[in-house]
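Just so you know, the sequences run in chain order A and B.
Using numbering that gives the first Met the number 0, you'd call the opening residue of the first sequence number 0 and step up by one each time.
Using numbering that gives the first Met the number 0, you'd call the opening residue of the second sequence number 0 and step up by one each time.
See below for the structure under consideration.
There are 2 protein chains.
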Amino acid sequence: MGDRAAKDALFDGLAGVAKALGNGRRAEIVDVLTQGERSVDELARELNQSVANTSQHLQLLLRTGLVRTRRDGNRVIYALASPRVATLWAAVRDVAADHVAELDRLAAAYLGDRSKLSTVTRKELAARLRDGDVVVLDVRPETEYAAGHIAGAVSLPVGELTRRLRNVPKDRDVVAYCRGPYCVYADDAVRALTRRGYRAARLEDGFPEWARAGLPVDRKRV
Amino acid sequence: MGDRAAKDALFDGLAGVAKALGNGRRAEIVDVLTQGERSVDELARELNQSVANTSQHLQLLLRTGLVRTRRDGNRVIYALASPRVATLWAAVRDVAADHVAELDRLAAAYLGDRSKLSTVTRKELAARLRDGDVVVLDVRPETEYAAGHIAGAVSLPVGELTRRLRNVPKDRDVVAYCRGPYCVYADDAVRALTRRGYRAARLEDGFPEWARAGLPVDRKRV
DNA sequence: CGCATGTTCAAGGGAATGCTTGAAGAGTGC
DNA sequence: GCACTCTTCAAGCATTCCCTTGAACATGCG
């Protein structure tokens, strides 16, 4: 024991986990699965990839143990193997934000200019929720809201925002949140709201981070 | 903003961090750097790889931002870019331990049978250190001890263990620790000690985990 | 059963990865 | 300057990775 070949094999095994996350498409899959389980073709559509390719990526994630499957009639539903995988993905994102030189540029290219968006930290929002002086909007698709949301938040998917604007009180501060720090939904919502004269800000990160921090969540459909 | 190409590029950027850790040799480099900074050829010797190859891996880690360098006369010293990188590596290891099916086999092949080794958790050791009823041995190379060690531990590199055995009291419980959960030094030490009639156990993980948990450390050479 | 839907498998081609070898840079000491 | 050490660069080759295409497999429904 303690020989080179075995040590190399062990570290290859450990590195296998990182390798599984080491592809943009697979990273995106894990990122989406953080919001809840999905079928293969839901994922394929979300990633804008062929079903075959998506399936292959999922097979690899499955072999590595990062995801698990269950059958639901016709379809196969994939989910993260455990919350720990979501934590790992968050750690990857954090290191990238800290240390990857070009990430700011890439993020800006996708998200646009965020400098004019006001943001709220988890802590601030938690405090203001306790005081009840803020309206919280979950602007993700409704199924994700149903699978879990910030306690007290109202579902208002960004696609329906303009149609259901009357439900948003104009005299109170509004905070929108979505999937995480690299999700555009809340950005779009905040831009649309401020343009119309609302006092809107976005939560710095998203629902998964809120839940992971142990802050109050709700699973019931409202 | 919000278009597919930019989103793919962003996630490729995020995944780049995972990709950098997604190779056994680079993972090993990061694992070693968790113990402290190293020159290229120290790393090459530790990994049993050519200097050129090691240098290439280091270049990639550098480009990704996971490590940084400084010159020391003739040589270039590499270090982790921040403690957050060590945290990320720990997260990878944890997920692998939880979810990679074959990891137990790989670990056993490298580490040997651990079933007969008694272990101590961080929490237990911290408590027993406060009570002063235990001798703690740092069995890593002396330079790593000098760079930081559990407060109250004594340096006794595993290579010199048999030569300096007289320094270890036979009537007290002994706990040995080393680099981390996949390091053999403490295992070897505990086996050698128990064979000679000492009451020895190993700390479940290693020094980096101890330090990361905020438990008392010391940097002074004894 | 036959057909539709959803998922996986298999083969192929272009690109990237990992290691090797040998040479070129960079810094130190005589 | 010159020899020496440590590190990086460059080219080459076998292997792996990623996506595509088209077929096979599984499940549900009429």
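Idealized CB from N, CA, C, for every residue including glycine.
Can you tell me where the alpha helix (DSSP H) with residue i in it begins and where it stops?
i: arginine 237 of chain A; result: An answer regarding residue 237 of chain A cannot be provided, because it is not within the stretch 0 to 221 covered by chain A.
i: aspartate 186 of chain B; result: 184 to 194
i: alanine 96 of chain B; result: 82 to 98
i: leucine 60 of chain A; result: 50 to 63
i: arginine 3 of chain B; result: 3 to 20
i: glutamate 143 of chain A; result: 141 to 146
i: glycine 23 of chain A; result: 23 to 32
i: valine 39 of chain A; result: 39 to 46
i: aspartate 103 of chain B; result: 102 to 110
Check the Cβ of residue i against every Cβ in chain B and list those closer than 8 Å, keeping chain order.
i: aspartate 40 of chain A; result: Those do not exist, as aspartate 40 of chain A stays about 17 Å from chain B at its closest Cβ, beyond 8 Å.
i: asparagine 47 of chain A; result: Arg3
Under 7 Å Cβ-Cβ, which residues of chain A neighbour residue i?
i: glycine 23 of chain B; result: Asp7, Phe10, Asp11 and Ala14
i: leucine 20 of chain B; result: Ala14 and Ala17
Anything in chain B within Cβ reach of residue i, meaning under 9 Å, just list it in chain order.
i: histidine 56 of chain A; result: Simply none; closest approach about 12 Å.
i: valine 26 of chain A; result: It should be noted that the sequence gives alanine, not valine, for residue 26 of chain A. By Cβ distance, chain B contributes Phe10, Asp11, Leu13, Ala14 and Ala17.
i: aspartate 93 of chain A; result: Arg83, Thr86 and Leu87
i: tyrosine 181 of chain A; result: Lys6, Leu9, Phe10 and Leu13
I want to verify the contact list: residues of chain B whose CB lies under 7 Å from the CB of residue i, in sequence order.
i: alanine 100 of chain A; result: Gly64
i: aspartate 97 of chain A; result: Ser81 and Arg83
i: alanine 90 of chain A; result: Thr86, Leu87 and Ala90
i: alanine 150 of chain A; result: Ordered by position in chain B, no residue passes the 7 Å Cβ test against alanine 150 of chain A, which lies about 27 Å from the chain.
i: alanine 106 of chain A; result: Leu9
Residues in the same chain with beta-carbon distance under 8 Å from residue i, minus the five sequence neighbours each way, listed in chain order, please.
i: methionine 0 of chain A; result: Unreliable positioning characterises methionine 0 of chain A in this predicted model, as indicated by a pLDDT of 49, which lies under 50. The coordinate reading is nonetheless provided below. Closer than 8 Å at Cβ, skipping near neighbours: no residue.
i: proline 207 of chain B; result: Thr33, Gln34, Ala85, Ala89, Arg178 and Gly179
i: alanine 19 of chain A; result: Arg25, Leu59, Leu60, Thr63 and Leu65
i: arginine 226 of chain B; result: As shown, chain B starts at 0 and ends at 221. That puts residue 226 of chain B outside it, with no answer to give.
i: alanine 212 of chain A; result: Arg121
i: alanine 210 of chain B; result: Gly147 and Val216
i: lysine 169 of chain B; result: Gly196 and Tyr197
i: alanine 80 of chain A; result: Gly64, Leu65, Val66 and Arg67
i: valine 167 of chain B; result: Val134, Leu136, Leu155, Val173, Leu192 and Tyr197
i: arginine 190 of chain A; result: Leu116
Can you give me the start and stop residues for the beta strand (DSSP E) that residue i sits inside?
i: glycine 205 of chain A; result: 199 to 205
i: threonine 68 of chain B; result: 66 to 71
i: leucine 136 of chain B; result: 133 to 137
i: histidine 167 of chain B; result: A small fix is needed here, since residue 167 of chain B is valine in this sequence, not histidine. Here valine 167 of chain B belongs to no beta strand (DSSP E), and DSSP marks it neither H nor E.
i: alanine 78 of chain B; result: 74 to 79
Given residue i, which residues of its chain have a CB within under 6 Å of its CB, disregarding the five upstream and five downstream residues?
i: valine 221 of chain B; result: With a pLDDT of 45 at valine 221 of chain B, under the threshold of 50, the modelled position of that residue is not reliable, and the figure given next carries that caveat. For valine 221 of chain B, where only same-chain residues beyond five positions count, there are no Cβ hits under 6 Å.
i: threonine 193 of chain A; result: Ala199
i: aspartate 172 of chain B; result: Val133 and Arg198
i: isoleucine 76 of chain A; result: Glu36, Ser38 and Arg69
i: alanine 188 of chain B; result: Val138, Val157, Leu160 and Ala175
i: alanine 4 of chain B; result: none
i: tyrosine 181 of chain B; result: none
i: alanine 185 of chain B; result: Val138, Ala175, Tyr176, Cys177 and Arg201
i: arginine 218 of chain B; result: Gly147
Can you list, in chain order, the residues of its chain whose CB lies under 7 Å from that of residue i, leaving out five sequence neighbours each side?
i: threonine 120 of chain B; result: Glu203
i: tyrosine 144 of chain A; result: Asp137 and Ser154
i: alanine 17 of chain B; result: none
i: leucine 214 of chain A; result: Arg121 and Ala125
Following a CB-centred definition, is residue i positioned closer than 8 Å to any heavy atom of the ligand FAD?
i: arginine 25 of chain A; result: No copy of the ligand FAD appears in this structure; indeed no ligand is present at all.
Could you name the residues of chain A that residue i contacts, counting a contact when the two beta carbons are closer than 8 Å?
i: arginine 195 of chain B; result: Simply none; closest approach about 19 Å.
When the Cβ atoms of the region 23 to 36 of chain A are set against those of the region 140 to 147 of chain A, are three or more pairs found closer than 8 Å?
-> yes
Could you say if the region 94 to 101 of chain B and the region 0 to 19 of chain A meet the contact criterion of at least three C-beta pairs nearer than 8 Å?
-> yes
Of the residues that make up the region 75 to 86 of chain A, which ones have a beta carbon closer than 7 Å to any beta carbon in chain B?
-> Within the region 75 to 86 of chain A, contact with chain B at the beta-carbon level (separation under 7 Å) is assigned to Ala80, Ser81, Arg83, Val84 and Thr86.
Do the region 43 to 53 of chain A and the region 98 to 115 of chain B make contact, defined as three or more Cβ pairs closer than 8 Å?
-> As far as the Cβ criterion goes, the region 43 to 53 of chain A does not touch the region 98 to 115 of chain B, which means the pair count is below three.
Taking three-plus beta-carbon pairs below 8 Å as touching, is the region 21 to 32 of chain B in contact with the region 57 to 68 of chain B?
-> yes
Does the region 2 to 10 of chain A come close enough to the region 153 to 172 of chain A that 3 or more CB-CB pairs lie under 8 Å?
-> No, they do not touch.
Members of the region 108 to 121 of chain A that neighbour chain B once the beta carbon cut-off is set at 8 Å | Ala108, Tyr109, Leu110 and Gly111
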